[in-house]
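Report on one structure; see the data block that follows.
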Amino acid sequence: MEETRYRDRSQAGCMLASKLALYAGQSNVLVLALPRGGVPVAFEVAKALHAPLDVFLVRKLGVPGQEELAMGAIASGGIQVINEDVVRMLHIPLPVIEDVASRELLELKRRERLYRDDRPLPTIQNRVVILIDDGLATGATMRAAAHALRLQHPARLVVAVPVAALQSCDALRAEVDEVIIPLTPEFFRGVGWWYEDFSQVSDEEVHDLLALAEHEHHSVA
Numbered sequence: 194m195e196e197t198r199y200r201d202r203s204q205a206g207c208m209l210a211s212k213l214a215l216y217a218g219q220s221n222v223l224v225l226a227l228p229r230g231g232v233p234v235a236f237e238v239a240k241a242l243h244a245p246l247d248v249f250l251v252r253k254l255g256v257p258g259q260e261e262l263a264m265g266a267i268a269s270g271g272i273q274v275i276n277e278d279v280v281r282m283l284h285i286p287l288p289v290i291e292d293v294a295s296r297e298l299l300e301l302k303r304r305e306r307l308y309r310d311d312r313p314l315p316t317i318q319n320r321v322v323i324l325i326d327d328g329l330a331t332g333a334t335m336r337a338a339a340h341a342l343r344l345q346h347p348a349r350l351v352v353a354v355p356v357a358a359l360q361s362c363d364a365l366r367a368e369v370d371e372v373i374i375p376l377t378p379e380f381f382r383g384v385g386w387w388y389e390d391f392s393q394v395s396d397e398e399v400h401d402l403l404a405l406a407e408h409e410h411h412s413v414a
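Position one of the sequence shown corresponds to residue 194 (the working numbering), numbered consecutively onward.
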């Protein structure tokens with residue numbers, strides 16, 4: 194049997210939007226994308242749901258010398274999440290965490306300026322937040338984003354991605370209210386395999402899609 198693949202991120206976003214039709218036209222819905230790859234997907238979802246679109250940035254706090262190992266994460270809105278198990282196991286002192294966090298915060302703020310033109314961050318509290326990426330492999334970044342968003346008390350937190358590894362879906366369900374993933378292949382192979390066109394999304398494309406989404410949303414609001 195031939196396996197389903199998406200043509201590109203835009204087509205994946207249209208497919209995802211059809212699974213989220215329940216949320217169309219609701220005034221308290223907010224679509225948030227994990228940049229960069231999640232933005233073209235989320236753009237189509239936000240357009241179909243007549244909802245505002247924004248980005249939610251997450252930066253991993255890597256253990257010095259073992260940067261792939263996360264001792265925590267920071268996210269848009271001044272949110273910091275610490276992985277207490279890793280910090281305790283490796284006896285990482287607070288000044289080390291603060292030093293890494295301050296460096297990552299500079300990069301997070303740089304990207305927010307680049308993508309968002311200094312627009313104020315959207316309100317999360319009491320809103321239905323739909324968090325989108327182009328796919329999940331380990332799901333670590335998405336779980337960090339979900340954890341950070343939970344601290345801002347959304348009314349409902351929905352994660353929606355076009356394709357994901359099965360084990361990542363299972364780990365995510367405990368973190369959020371709803372998980373919508375149309376494609377969960379038994380043999381995952383990596384996110385890019387499930388797209389015919391998985392070319393890199395540029396910073397300029399992220400900026401332009403966010404600006405276009407804002408213009409279109411205000412035009413029909």
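From the three backbone atoms N, C-alpha and C, an ideal C-beta is built for every residue, glycine too. As the structure is a computational prediction, the values presented were derived from the model and not from experiment.
Excluding five sequence positions before and after V280, the CB atoms of its chain that fall closer than 6 Å to its own CB belong to M264, given in chain order. Segment contact: the stretch 305 to 320 against the stretch 204 to 217, fewer than three CB-CB distances shorter than 8 Å; contact not assigned. Within a 10 Å sphere around the beta-carbon of E297 sit 16 or more other beta-carbons, which makes this residue buried.
Using a Cβ-Cβ distance cut-off of 8 Å, the stretch 365 to 376 and the stretch 338 to 356 are in contact, since at least three pairs of beta carbons, one from each stretch, lie closer than that value. If you check the CB distance, S269 and L250 come in under 8 Å. A straight-line Cα-Cα distance of about 11 Å links A339 and L225. D390 and P288 have their C-alpha atoms roughly 43 Å apart.
Nearest neighbour of A358 by Cα position, chosen from R229, D327, A348 and A341, turns out to be D327. For P347, the closest alpha carbon among the candidates Q318, I373 and I323 is that of Q318. Spatial neighbours of N221 in its own chain (CB-CB distance under 8 Å, excluding positions within 5 residues in sequence) are listed in chain order as N319, R320, V321 and A348. The beta-carbon distance between A235 and I325, rounded to whole angstroms, is 4 Å. This is short enough to meet the 8 Å contact definition. The Cβ neighbour count for T334, taken over all protein chains shown within 10 Å, is at least 16; the residue is labelled buried.
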